[in-house]
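Numbering (our numbering), first residue to last: 1228 to 1374.
Ideal Cβ placement from N, Cα and C applies to all residues, glycine included.
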Amino acid sequence: MTISNKGLELIKEFEGFSANAYLCPAKIPTIGYGNTFWEDGRKVRIGEQISKNKAETLLKQIVTKFEIGVSARVTIKINQNQFDALVSLAYNIGLGAFEDSTLLRQLNRGNFEGASNEFLRWNKSAGKPLLGLTRRREREKTLFDAV
1228 MTISNKGLEL
1238 IKEFEGFSAN
1248 AYLCPAKIPT
1258 IGYGNTFWED
1268 GRKVRIGEQI
1278 SKNKAETLLK
1288 QIVTKFEIGV
1298 SARVTIKINQ
1308 NQFDALVSLA
1318 YNIGLGAFED
1328 STLLRQLNRG
1338 NFEGASNEFL
1348 RWNKSAGKPL
1358 LGLTRRRERE
1368 KTLFDAV
């Protein structure tokens, strides 16, 4: 599967756009729509800049890795909304955390309700709940639950 425009817009909405590299709440240099790496694999560094058009291109290139990663880890049939929500989550928390998550285990057991309820647990950075992450997880959960 590939992420829909609705899924991409969700990521863009919550990541926001920054033309200038900044430190995210986890203290990682970030640019564009939440990118921490350039397309060539280099880490983003403070002081770097990006145009909005290049940021959109970079987002689409990077999201491909998460589409592939989610597809490889989900072993049951899911719908487009569920896929979009999972790619948004994985994009934000990383594929390693996604792979080790109770959410994924519940989903692969066919427990859609249990998986859905796990979204809200992923609202912390450095152990502290963040309002922006809580809102994002609520939106991802709503999308995941949509038929």
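Opening and closing residue of the alpha helix (DSSP H) in which residue i lies
i	result
leucine 1235	1232-1242
glycine 1323	1322-1326
threonine 1284	1279-1300
glycine 1359	1358-1372
glutamine 1333	1329-1335
alanine 1342	1339-1345
Nearest-angstrom Cβ-Cβ length linking residue i and residue j, presumed shorter than 8 Å
i	j	result
glycine 1259	leucine 1286	6 Å
glutamate 1367	alanine 1312	4 Å
alanine 1246	serine 1278	7 Å
glycine 1242	glycine 1268	Looking at the sequence shown, residue 1242 is not glycine but glutamate. No, glutamate 1242 and glycine 1268 are not in contact; Cβ-Cβ is about 20 Å, not under 8 Å.
glutamine 1307	serine 1231	6 Å
arginine 1363	asparagine 1319	7 Å
glutamate 1369	glutamate 1294	Checking the sequence, you will find threonine at residue 1369 rather than glutamate. Going by Cβ atoms, the distance from threonine 1369 to glutamate 1294 rounds to 21 Å, so no, they are not a contact pair.
Alpha-carbon to alpha-carbon, residue j and residue i
i	j	result
glutamine 1333	arginine 1300	12 Å
valine 1290	valine 1314	8 Å
glutamine 1276	lysine 1239	17 Å
asparagine 1280	leucine 1235	14 Å
serine 1328	glycine 1274	34 Å
Cβ-based neighbour list, residue i, same chain, cut-off 8 Å, excluding 5 preceding and 5 following
i	result
lysine 1270	Pro1256, Thr1263 and Phe1264
glycine 1337	Ile1303
phenylalanine 1325	Gly1296, Val1297, Arg1300, Leu1313, Leu1316, Ala1317 and Leu1331
lysine 1292	Leu1322
Close-in-space but distant-in-sequence residues of the same chain around residue i (CB under 6 Å, 5 per side omitted)
i	result
cysteine 1251	Thr1257
leucine 1330	Ala1342 and Glu1345
First and last residue of the uninterrupted beta strand (DSSP E) at residue i
i	result
leucine 1250	1245-1250
glycine 1259	1256-1259
Own chain, CB closer than 7 Å to residue i, minus 5 neighbours either side, in chain order
i	result
serine 1352	Pro1252, Ala1253 and Leu1360
aspartate 1372	Ser1343
glutamate 1266	Leu1285 and Gln1288
proline 1356	Asn1350
lysine 1233	Asp1311
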